[in-house]
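Engineer: Numbered by the working numbering, the letters in the sequence shown go through residues 201 to 401 in order.
Every residue gets a Cβ at the ideal spot worked out from N, C-alpha and C, and that includes glycine.
Owing to the predicted nature of the structure, the values given are computational and were not obtained by experimental measurement.
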Amino acid sequence: MSNQNTPLVPSRPQRQTGRRAALIGGLTLAGAAALSLGAGAYDVGVTAPHSKPTEWALRHGMELSVRNQARDVKIPSGVDLRDRALAERAIGHYSVACAQCHGAPGHPAAPWMVLYPAPADLTEAETVSRWTDAELFWIIENGIKDTGMIALGPTHQAQDIWAVTAFVRQLPAMEPGHYHELVTRYQAQRAQMAPTSAHSH
Ligand code: HEC
């Protein structure tokens with residue numbers, strides 16, 4: 201891996217000292233966190249944000265984790281996230297299970313959905329384009345610990361999760377009128393269903 205003759209790379213004893221310092225630092229921080237949790241001093245409230253560096257570290261750690269975990273996700277042959285028909289199959293899922301937190305074209309997220317960290321607006325291109333197809337799928341399948349982001353994996357089939365992923369991929373370009381039309385059609389279909397088969401996704 202690293203070449204120890206290069207001056208930029210510390211010698212083994214130096215590296216060990218560095219690692220030991222990092223370990224002690226980490227343990228000290230973890231100890232302090234455990235102590236303050238134990239003492240009840242830590243404010244778990246959504247309305248009491250972390251310091252900016254902690255906030256950055258948690259978000260950055262989440263992004264690194266998703267990028268790493270998603271390396272094993274294989275896009276099935278025949279699945280194309282730009283396919284409009286595939287995305288539109290997920291209108292029920294998105295409008296029922298996602299829109300209240302993440303918003304939809306012409307429909308901002310529910311104002312009472314106050315979470316920390318705050319769910320991003322998925323109608324914004326820069327939010328969605330930061331993730332690859334595999335990463336988006338992984339997030340939607342597995343959720344994100346300690347944030348309120350739900351996991352569809354335990355209750356939904358992969359083909360449905362790919363449809364939701366396609367929906368999210370296409371969301372920033374979707375016109376509010378078209379979203380409205382899809383929701384209206386979905387609700388009309390639901391209303392026609394027999395009461396016994398009400399929730400089918
Ligand atoms: C109860 C609220 C809630 C619901 C419902 C919810 N999410 Fe999330 N979602 C979150 C939160 C909170 C995050 C994490 C934000 C963070 O870590 O910065 C998140 C993160 C995400 C991200 C990553 C966005 C980013 O910050 O870069 C995607 C994509 C996503 N959710 C898609 C979905 C989809 C699709 C659904 C519906 C199947 C859904 N979410 C349902 C709250 C929610």
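Hey, residue 306 and residue 380 are a contact pair by Cβ (cut 8 Å); roughly how many whole angstroms apart?
Structural biologist: Yes, they are in contact, since the Cβ atoms of residue 306 and residue 380 sit about 6 Å apart, within 8 Å.
Engineer: Grab me the residues of residue 287's own chain with a C-beta within less than 8 Å of its C-beta, minus the 5 sequence neighbours each way, in chain order.
Structural biologist: Excluding positions up to five away in sequence, the list reads 281, 363, 366, 367, 369 and 370.
Engineer: Spell out the partners DSSP gives residue 378 in its beta bridges.
Structural biologist: According to DSSP, residue 378 bridges with nothing at all.
Engineer: Check whether the stretch 342–351 touches the stretch 313–327, counting contact only when three or more Cβ pairs, one atom from each stretch, lie closer than 8 Å.
Structural biologist: Result yes; three or more Cβ-Cβ pairs closer than 8 Å.
Engineer: Given that a residue counts as buried once 16 or more other Cβ atoms are within 10 Å of its Cβ, and exposed if not, what is residue 203?
Structural biologist: Note that residue 203 scores a pLDDT of 47, beneath 50, so its modelled location is shaky; the value from the coordinates is reported in the next line. Per the 10 Å Cβ criterion, exposed.
Engineer: On the DSSP bridge assignment, give the partners of residue 344 in chain order.
Structural biologist: Looking at the DSSP assignment, residue 344 forms a beta bridge with 349.
Engineer: Helix, strand or coil for residue 260, going by three-state DSSP, please let me know.
Structural biologist: Of the three classes helix, strand and coil, the one that applies to residue 260 here is helix, per DSSP.
Engineer: For residue 259, verify whether its CB is less than 7 Å away from any heavy atom of the ligand HEC.
Structural biologist: At least one heavy atom of the ligand HEC is nearer than 7 Å to the Cβ of residue 259, so yes.
Engineer: Since residue 333 contacts residue 275 with CB under 8 Å, what's their CB separation in whole angstroms?
Structural biologist: Contact flag correct, Cβ pair sits at about 6 Å.
Engineer: List the residues that DSSP assigns as beta-bridge partners of residue 304.
Structural biologist: DSSP, once it has assigned bridges, lists 307 as partnering residue 304.
Engineer: In three-state DSSP terms, what is residue 326?
Structural biologist: The answer is helix: DSSP assigns residue 326 an H, G or I state.
Engineer: Helix, strand or coil: how does DSSP classify residue 272 here?
Structural biologist: If DSSP states are grouped into helix, strand and coil, residue 272 belongs with the helices.
Engineer: For residue 281, which of helix, strand or coil comes out of DSSP?
Structural biologist: It is coil, neither helix nor strand.
Engineer: Is residue 293 a contact residue of the ligand HEC, with contact defined as CB to any heavy atom under 7 Å?
Structural biologist: Residue 293: yes, Cβ under 7 Å from the ligand HEC.
Engineer: Apart from the five residues just before and just after residue 264, which ones in its own chain have a Cβ nearer than 6 Å to its Cβ?
Structural biologist: Around residue 264: no qualifying Cβ.
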